[in-house]
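So the sequence shown is numbered by this note's numbering: it starts at 91 and just counts up by one. Where a beta carbon is used, it is the ideal one built from N, C-alpha and C, also for glycine. In this text, all values refer to a predicted model and were calculated from it rather than measured experimentally.
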Amino acid sequence: VQPCRALLHLQAMAQTPYKILLLHGKAENRSLFAQRVARIESAISDGKAVECEYLTAPILVEGKDKFAWWKLPPNQRSFTASEYIGIEKSFELIEQVWKSKGPFNCILGHSQGAILTTMLLAKAIQEPDYPVKPERAILMGAAWPQPFDKMVSALDKVDWDKAPYNPRTLHVFALNDKVNPAEMAIKIKNLLGWQAEAMIHENGHDIPMDEDCLSRY
């Protein structure tokens, strides 16, 4: 007896894991970030099949195991710099991983990883053939990507009712963030369409882990 095709399809869907690509902040690596967000991974995985792919950024910035997605010119911040040195290596790495291990349902990024996620979404929304297109993204403690100001600002002209790609985004930030000012996260959130949501916490630049926040990831 052959099983019903519809049943086979439902079984396949039930077994398909929800895949998340996780991007750490500056001066971290995949192992450190996995430890930091272990409770988030557990909360998202509760009762579901989830695969988490933690990446280490390609640019060594400190010691033997602290990496970044780009370097900055002297005395500059990510929201003031005129260039991100080495950013193309990071774009290439993510595109390669997307091709070899993706596609991914969600990208989760913190700090520099959230800034990078902002740029990836802007590219995906404006470039129809760009392959990195998650259905959801979680941006924690993002700042404005100043060298890509023109590209990200262009999102203001997107007609979201007609846009072929309109990701759901969750923007996690604190009004007392002393590293990346909250108004930048708010600006990014407001440019990403009607599916963008905000989650405001009181933990500065840290990643919130209270039960309410865990339930929203």
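Option in the options with minimal Cα separation from residue i
i	options	result
residue 113	299, 158, 132, 133	158
residue 126	305, 302, 298, 307	298
residue 149	123, 118, 137, 139	118
residue 293	248, 142, 272	272
residue 174	146, 206, 152	206
residue 124	295, 216, 142	142
residue 267	162, 136, 291	291
residue 301	130, 146, 182	130
residue 106	195, 220, 219	195
residue 111	218, 229, 169	229
Cutoff 6 Å; reference residue i; Cβ partners in own chain excluding five residues on either side
i	result
residue 91	Low confidence applies here, because residue 91 scores a pLDDT of 41, under 50, leaving its location unreliable; read the following figure in that light. Excluding residues within five positions, none has a Cβ falling inside 6 Å.
residue 259	227, 282, 286
residue 115	200, 201, 202, 203
residue 177	160
residue 162	171
8 Å CB neighbourhood of residue i in its chain, flanking five on each side removed
i	result
residue 242	208, 209, 212, 234, 235, 278, 281
residue 167	233
residue 223	193, 214, 255, 257
residue 41	Here the chain covers residues 91 to 307 and nothing more, so residue 41 does not appear.
residue 133	304, 305, 307
Residue burial classification, residue i (beta-carbon count within 10 angstroms, cutoff 16)
i	result
residue 254	exposed
residue 265	exposed
residue 186	exposed
residue 180	buried
residue 139	exposed
residue 153	exposed
residue 284	exposed
residue 128	exposed
Inter-residue Cα distance where the pair is residue i and residue j
i	j	result
residue 225	residue 108	11 Å
residue 165	residue 172	12 Å
residue 307	residue 189	25 Å
residue 121	residue 156	11 Å
residue 146	residue 136	25 Å
residue 270	residue 240	20 Å
residue 197	residue 220	15 Å
residue 296	residue 274	16 Å
residue 247	residue 217	14 Å
Close beta carbons around residue i, own chain, < 7 Å, minus the five adjacent residues each side
i	result
residue 237	171, 172, 173, 174
- Item | alpha helix (DSSP H) segments (min. 4 residues) lying fully within the stretch 118-204 | 120-126, 128-135, 177-191
- Task: Taking only runs that begin and end inside the stretch 240-307, name each unbroken beta strand (DSSP E) of 3 or more residues, in chain order.
- Result: 258-264, 286-291
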